[in-house]
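Working notes, beginning with the structure itself.
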Amino acid sequence: MTPKRFLVVLGHSLHVRNFVASGCLDQLAARGHALTVLMPGELLAEVRRVGRTRLADLEPLEPYAAGRSAGWRRRRFRIASFVQRSGFKTYRHKVRVGAAGSWSYALEARAYARLARRRDLEALARRVEMRMAPRRAALDLIDRVRPHLVFAPTLIHDGSEVEVLKAARARGVPVAAFAATWDTLTSKGFFLIPPDRLLVWGEESRRHAAEHHGLTADRVLVTGAPHLDVYGADAPVEPRARFLAARGIDPAQRVILFAGTTISYWEDEPRQLRALSDAIQGGELKDCVVWYRPHPRRAYRDVQAIGELPGVFVDDQVVRQKTEGVSSYSSSPDDLAHYRNLMSAVEAVVAAFSTMILEAALLGKPSLVVAFGAADGAPGRLFPHTEYEHSIELLATPGVLVCHSLDELKQGLQRVFAGDFVELEPVLRERAARMAHNRDGGARVRIVEALERLADGGGDRR
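Be aware that the sequence shown starts at 3, since it is given in our numbering, and climbs by one per residue.
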């Protein structure tokens, strides 16, 4: 096809990991298209240092991002959106947690709840936003690049791409978005600037786009996630024995991946890891190593001591990123391969709330979902996350076991070691494929082809 001009907005290190480290944008550039890529300025040097990319036109996002007043306004919009969506359990929990942690949040939430009885808060927010002219620099950017398509992977709630999208709207340029995470469409609020087309992970995400955002089927394209192509059947894998031995772990031992979660739940992880360490030392979990991978947002100082627990190994990639990198997510292609090597080496995943449950299922491996606090006087405190809308189908999958106590977790691990979940591998793979269309390793190709079609006229603004 005739080469097109793309303006790509990567407003978060997660997007840089997904689309640069995966090589997805390189594939688009390799087909002769011109790409102008915006990203946080602190990541530019890291991406250039890593190299191995065809992307030449890289620019800092900051000159085109929102100013302080717009950021303040959009934070109010986000709280209002959460309140309006509180009919969903996910948002009801978010509002409750936010109000418990901040008196100003609680006051805002109560005021929005009263207003929501009379007005559609999200429609009101969009009207207010569209009365505000886009940033002049963002308009000048659109005029300079003259893109056929603006592509903006999104976390929705952070709003880093909004000024560029408003400028694209003002100039009549179509916009395509990509739902960045497993739960983006069900837990991050509303699209302040709805995209013309939305690329999503799998069929579950397509359903979420309709139910949570009112997007019609013709506006949603199922592609899979580029960074999950490492779980494709033909993706290269380092031999398990070599991968573990390089980190001082005896390959004869059984390895369990403990995947860390976000701030609402991570305070329990040190206690749970100590309990598992004690079980290893006491013989309940024999010949076992717990591989702890903290959530990328967790500070290294929070996990240093955990690596000293007997039977616990702290993920070396995370340690390297925390001590050497500038972002929570690596820009290196080698680090994406690390996910697959790690997942191939472990027997199962333990997590309260993590995309790694889905990643394990792509390989047919079971997960044990933590739904309890450890010795904190509130054993049911973590249970609501098992009812989040994006979790329901996955947690109902045979081979994904919800554990309501430490004893249930240890019994679940013993069942894993006994091979009780082996026969469930096909079910896990099939269910995971509905949520992440990556078993063939072809998401990057589908994304590139979809963007080409949209740039060629398939994404005309409605």
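Glycine included, each C-beta is placed from N, C-alpha and C at the ideal position. It should be emphasised that the depicted structure is a prediction, and the values quoted were computed from it without experimental measurement.
| Item | Value |
| --- | --- |
| Strand pairing of Ala261, partner residues [DSSP] | Arg295 and Ala353 |
| Thr92 (DSSP reduced to helix, strand or coil) | helix |
| Sequence-distant residues of the same chain with beta carbon closer than 6 Å to Val18, five excluded per side | Leu12, Met41, Leu45 and Ser333 |
| Element boundaries [beta strand (DSSP E), containing Leu217] | Counting along the chain, Leu217 falls outside any beta strand (DSSP E), and DSSP gives it neither H nor E. |
| DSSP-derived helix/strand/coil call for Arg87 | coil |
| The alpha helix (DSSP H) enclosing Ala108, as first and last residue numbers | Trp105 to Ala118 |
| Distance CB(Leu246)-CB(Ala350) smaller than 7 Å | no |
| Alpha carbon of Asp462 to alpha carbon of Thr4, nearest angstrom | Confidence at Asp462 is low in this model, with a pLDDT of 45, below 50, so the placement of that residue is unreliable and no value is reported for it. |
| Lys324 versus Ser15: straight-line alpha-carbon distance, rounded | 14 Å |
| DSSP-derived helix/strand/coil call for Thr188 | helix |
| 7 Å Cβ cutoff met for Pro400 and Leu364 | no |
| Proximity of Leu177 and Leu187 at Cβ, strictly below 7 Å | Contrary to the premise, residue 177 reads as Val rather than Leu in this sequence. Not in contact: Val177 and Leu187 (Cβ atoms no closer than 7 Å). |
| DSSP state of Ser346 mapped onto helix, strand, coil | helix |
| 7 Å CB neighbourhood of Val457 in its chain, flanking five on each side removed | The residue asked about is misnamed: residue 457 is Ala in this sequence, not Val. Cβ within range, chain order: Lys6, Phe8, His150 and Leu151. |
| Cβ neighbour criterion (16 or more within 10 Å) applied to Ser88 | buried |
| Pair within 7 Å by beta-carbon distance, Gly191 and His159 | yes |
| The alpha helix (DSSP H) enclosing Glu165, as first and last residue numbers | Val164 to Ala172 |
| Simplified DSSP state of Ala154, which is helix, strand or coil | strand |
| Whole-Å CB distance - Val352 paired with Ala373, under 8 Å assumed | About 12 Å; that fails the 8 Å criterion. |
| Contact belief for Ala31 with Leu57 at Cβ below 8 Å, rounded distance in angstroms | 6 Å |
| Three-state class that DSSP yields for Arg256 in the structure shown | strand |
| Sub-7 Å separation of Val224 and His439 beta-carbons | yes |
| 6 Å Cβ shell around Pro296 - same chain, five flanking residues per side excluded | Gly262, Val305 and Val320 |
| CB contact flag (Ala200, Ala169, <7 Å) | The sequence as given places Leu at residue 200; Ala does not occur at that position. Their beta carbons are not under 7 Å apart, which means Leu200 does not touch Ala169 by this criterion. |
| Those residues which DSSP pairs with Cys26 across a bridge | BP columns for Cys26 are empty, so no partner. |
| Three-state class that DSSP yields for Leu287 in the structure shown | coil |
| Euclidean distance between Cα positions of Val147 and Gly174 | 14 Å |
| Phe79 versus Ala398, Ala101, Glu131 and Cys26, residue with shortest Cα-Cα distance | Glu131 |
| CA nearest to the CA of Gln274, picked from Phe193, Phe260, Ala243 and Ser356 | Phe260 |
| Member of Ala307, Leu157 and Asp185 whose CA lies at the smallest distance from the CA of Glu389 | Asp185 |
| Euclidean distance between Cα positions of Arg433 and Asp442 | 14 Å |
| Identified DSSP bridge partners for Ala179 | Ala154 and Leu200 |
| Unbroken beta strand (DSSP E) run spanning Thr1, endpoints | Absent from the structure is residue 1, since the part of the chain shown begins at 3 and ends at 464. |
| Arg7 in three-state terms, based on DSSP | strand |
| Beta-carbon gap between Ala172 and Pro136 smaller than 7 Å | yes |
| Residue from Pro368, Ala445 and Glu410 with nearest C-alpha to Pro428 | Pro368 |
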